[in-house]
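> All letters in the sequence shown, in the order written, are residues 1481 to 1679 by the numbering used here.
Using N, Cα and C, we set each Cβ at its ideal position, and we do this for glycine too.
One structure, pasted below without further comment.
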Amino acid sequence: MKRCTIIIPDAGPFNSLWVADELRLLLKLDMDLIVIDAVYDELTSDLTYPKDAAVKEFIDRNQPPFKFETTDIGRRERKNRQAGLKPKNNAGELATFDFMSSDDGLRKYLGPGDPVAILFEDTDLRIFNKPPNLHLISTVGMLKGLQRVGVISSADDIVHEMTHPTKPDRRPSDARKFSDLPDGVDEPAAIGSSWMPTA
């Protein structure tokens, strides 16, 4: 079964893994990780906040496997910020829609026989007319898979830390909520696909 390229069009997986102090698990996937520009900008917009500073340092230090995809929305929002204008609250969502629907976005990764996985957490992420080589996986689904192959010992322990943070620089408002417990989403592409690394 062919392994996927993983696209992360959602800030949620980064936020949740940071809350549990487990960002390093993304590197254990051992494959290209595509991040959308406006999502990166949203994740790293306030470097006085520990999460934003840690996520920026983590992504910037690990290129590859992280790679960036630019969108028209992301470019426009960066120009607006440089001009001193406040960014739109939903810029990340708009850029995600732009990426998912444009010919130079998601479709360029969907070559014949090339599976792509979307790692998401946002329940508003919608895939219409799902291509046969698109694999969908949620943060919880990823953790369950990493447990199955022995990369982590307990997905439930990490999910508990995400939903009940104990680290000193995590705020109560950082606690995550998941709509896909207990198993998460791990929906393979119709052509067959795997995102899981070897243990």
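Where does R1656 land, buried or exposed, given buried means 16+ other C-beta within 10 angstroms?
It is buried - the Cβ of R1656 has at least 16 other Cβ atoms within 10 Å.
> Assign A1669 to one of three DSSP states: helix, strand, or coil.
If DSSP states are grouped into helix, strand and coil, A1669 belongs with coil.
> Quick check: the Cα distance between F1658 and E1601, rounded to an integer number of angstroms?
Those two C-alpha atoms are separated by around 8 Å.
> Closer than 6 Å: is that where the CB of K1568 sits relative to any heavy atom of the ligand NAP?
Although the ligand NAP was asked about, the structure shown includes no ligands whatsoever.
> May I ask you to report which of helix, strand or coil DSSP gives T1485?
Strand at T1485.
> Within the same chain, show all residues whose beta-carbon is closer than 6 Å to that of G1492, passing over the 5 residues directly before and after it, in chain order.
Once the five neighbours on either side are set aside, the close Cβ partners of G1492 are E1601 and D1602.
> Taking 6 Å as the limit between beta carbons, can you name the residues of its chain near K1536, skipping five residues before and five after?
Excluding sequence neighbours, K1536 sits near T1524.
> With C-beta atoms as the reference, is E1549 less than 7 Å away from A1518?
No. Outside cutoff.
> In the DSSP assignment, what are the bridge partners of I1638?
Paired residues: none, contrary to the question.
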